[in-house]
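Residue numbers (our numbering): 951 to 1394.
The beta-carbon is built from N, C-alpha and C at its ideal position, and this holds for glycine as well.
All figures in this text were calculated on a predicted structure; none of them were measured in a lab.
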DNA sequence: TTTTGAGTTGTTCGA
DNA sequence: GTCGAACAACTCAAA
């Protein structure tokens, strides 16, 4: 059983298939240098913790190796005389290439299940069997398609006892000053239980408020497959709040489906005309954005939350992304890469397409004139400034009336908070002008 | 085949 | 302060 992004026992059909296939399983995780290279320090620390949790639930039978997955699998197969290799399917470009390379070298991979309720590529338009490019119709068809019921954890697991040389657990720690979420299958279920008890019934409203713990925070658990989306969908009702939550799960599935159908859009423009737009090079302004020093309190609070926790409230992700794309005129890929380095819940499809949506070049993208106002967004979704106060201590002394516009407050800058990097109202106009240019160019 | 109308997440302006 | 209209044009599902 080769664990990848399915670090769980509950509702893991691939694990059940592996158990079914033989006398004993060899539970394996491979530290792939290529994936480690592109994962940030907080993400690696989270993974290290999650592997410890998985090992614990496997009674210390998890085998952990570092190296190229093909070479590791060859060695493991030989060492244990393994009869089959079981995996949960994966669909992003790197995973597909890796898995095909392994199979081309003669190691057959038995795929059971996927990280989604409905695997990418399955939802098709009934008219012409092509994929959807608009969310709402996708959502309807996805519901009609439906998904299998969740399966239980195996009753018992007979696993080979590893040698010390099979136990190369990484020792990655979260960087000084950071606080990453609790990892593991157990933590995922505990958090979801708490969400269901406390927040889910007001989810449609409270999910937008940055200072409220109103979201499920399932993203990181989903990234590593500590919980399966089917588990989250089980037992949801028809209320507006429950429907909104179900739709968020479906967004993850929609973007996975889109990336599956357009694999290049992990790095390239989905709407190619946006490649012709005028952009600014990422220089000092980009650096200020990365550090949470733009001078716009809501934006800076978000970036600092990202740096500290490896997670950012969804509402604020949109605001900081809009700010990079439309106030600083920097290509979305730079922001997406920074997110990749810092997010513990990094998911290539959701990240790339969330960014492209905000930048206006994605599927079902926001209309060109929709430019988030970072000040108004702060006033609306962090009304009394609690979120800003938590992450931007230089502004903690300001009242709710002052905190969103420190430039108008007495002593707003006394703690060294940076001045505004750009003037939003002017950059908004500049952004609209640049969009106008590609429109003209495309009709030439 | 043609037509219709909707499309995650917004902002600004003027009445 | 509130409210509705305007902000483009286009894609694409669905009637």
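Same chain, Cβ closer than 6 Å to residue i, five either side skipped, listed in chain order
i: residue 1289; result: 1301
i: residue 980; result: 1015, 1019 and 1022
i: residue 1159; result: 1331
i: residue 1393; result: Legend: pLDDT at residue 1393 = 43, less than 50; position of this residue unreliable, value from coordinates given subsequently. Once the five neighbours on either side are set aside, residue 1393 has no close Cβ partner at all.
i: residue 1378; result: 1321
i: residue 960; result: 1103
i: residue 1395; result: Residue numbering for the chain in the displayed model covers 951 to 1394; residue 1395 lies beyond these limits and cannot be assessed.
i: residue 982; result: 1019
Residue i: first and last residue of the uninterrupted beta strand (DSSP E) it sits in
i: residue 1016; result: 1013-1016
i: residue 979; result: 978-981
CA-to-CA distance, residue j to residue i, given in whole angstroms
i: residue 1220; j: residue 1306; result: 7 Å
i: residue 1146; j: residue 1168; result: 12 Å
i: residue 1363; j: residue 1178; result: 46 Å
i: residue 1074; j: residue 1092; result: 9 Å
i: residue 1247; j: residue 1271; result: 14 Å
i: residue 1321; j: residue 1273; result: 8 Å
i: residue 1050; j: residue 1060; result: 12 Å
i: residue 1216; j: residue 1298; result: 7 Å
i: residue 1330; j: residue 1054; result: 54 Å
i: residue 1185; j: residue 1224; result: 42 Å
i: residue 1347; j: residue 1122; result: 36 Å
i: residue 1203; j: residue 1005; result: 29 Å
i: residue 987; j: residue 1335; result: 37 Å
i: residue 1276; j: residue 1066; result: 32 Å
i: residue 1391; j: residue 990; result: Confidence at residue 1391 is low in this model, with a pLDDT of 48, below 50, so the placement of that residue is unreliable and no value is reported for it.
i: residue 900; j: residue 1229; result: Since the first residue of the chain shown is 951 and the last is 1394, residue 900 is not available in this structure.
i: residue 1071; j: residue 1209; result: 10 Å
i: residue 1340; j: residue 1251; result: 8 Å
i: residue 1024; j: residue 1057; result: 8 Å
i: residue 1355; j: residue 1068; result: 45 Å
i: residue 1311; j: residue 1286; result: 14 Å
i: residue 1153; j: residue 1017; result: 42 Å
Cβ-based burial, residue i [other Cβ within 10 Å; buried from 16]
i: residue 1349; result: exposed
i: residue 1373; result: exposed
i: residue 1269; result: buried
i: residue 1014; result: buried
i: residue 1079; result: exposed
i: residue 1095; result: exposed
i: residue 1187; result: exposed
i: residue 1076; result: exposed
i: residue 1038; result: buried
i: residue 1099; result: exposed
i: residue 1033; result: exposed
i: residue 992; result: buried
Nearest to residue i (by Cα), restricted to the options the options
i: residue 1260; options: 1171, 1119 and 1292; result: 1292
i: residue 1255; options: 1361, 1342, 1222 and 1007; result: 1342
i: residue 1197; options: 1141, 1298, 1088 and 1251; result: 1088
i: residue 1318; options: 1381, 1258, 1123 and 1357; result: 1381
i: residue 965; options: 1336, 1182, 1323 and 1064; result: 1064
i: residue 971; options: 1036, 989, 962 and 955; result: 1036
i: residue 1295; options: 1281, 1264 and 1309; result: 1264
i: residue 1385; options: 1057, 956 and 1227; result: 1227
i: residue 1151; options: 1253, 1139, 1165 and 1101; result: 1165
i: residue 1337; options: 1161, 1210 and 1370; result: 1161
i: residue 1171; options: 1134, 1192 and 1359; result: 1134
i: residue 1008; options: 951, 1200 and 1282; result: 951
i: residue 1114; options: 1249, 1010 and 1045; result: 1010
i: residue 1371; options: 1262, 1249 and 1353; result: 1249
i: residue 1082; options: 1253, 1211, 1239 and 1266; result: 1211
For residue i, the first and last residue of its enclosing alpha helix (DSSP H)
i: residue 1060; result: Taken as a continuous stretch (DSSP letters only), residue 1060 belongs to no alpha helix (DSSP H), being part of the beta strand (DSSP E) at 1059-1061.
i: residue 1035; result: Segment 1035-1037 is the beta strand (DSSP E) holding residue 1035; no alpha helix (DSSP H) there.
i: residue 1250; result: 1247-1259
i: residue 1165; result: Neither: residue 1165 is in no alpha helix (DSSP H) and is coded neither H nor E.
i: residue 1319; result: No alpha helix (DSSP H) holds residue 1319; DSSP gives it neither H nor E.
i: residue 1204; result: 1190-1211
i: residue 1265; result: 1264-1272
i: residue 1337; result: 1336-1341
i: residue 1002; result: 991-1007
i: residue 1331; result: 1324-1331
Contact test: residue i Cβ vs the ligand MN heavy atom, cutoff 8 Å
i: residue 1370; result: Absence of the ligand MN is noted for the structure shown, with no ligands found whatsoever.
Cut-off 7 Å between Cβ atoms - residues of its own chain near residue i, not counting five sequence neighbours on either side
i: residue 1048; result: 1019
i: residue 969; result: 975, 1104 and 1107
i: residue 995; result: 1122, 1123, 1124 and 1130
Cut-off 8 Å between Cβ atoms - residues of its own chain near residue i, not counting five sequence neighbours on either side
i: residue 1369; result: 1245, 1357 and 1363
i: residue 1138; result: 958, 1168, 1171, 1176 and 1177
i: residue 1109; result: 974, 975, 976, 977, 1008, 1009 and 1011
i: residue 1001; result: 957, 979, 1012, 1014, 1119 and 1120
i: residue 1199; result: 1067, 1179, 1182 and 1183
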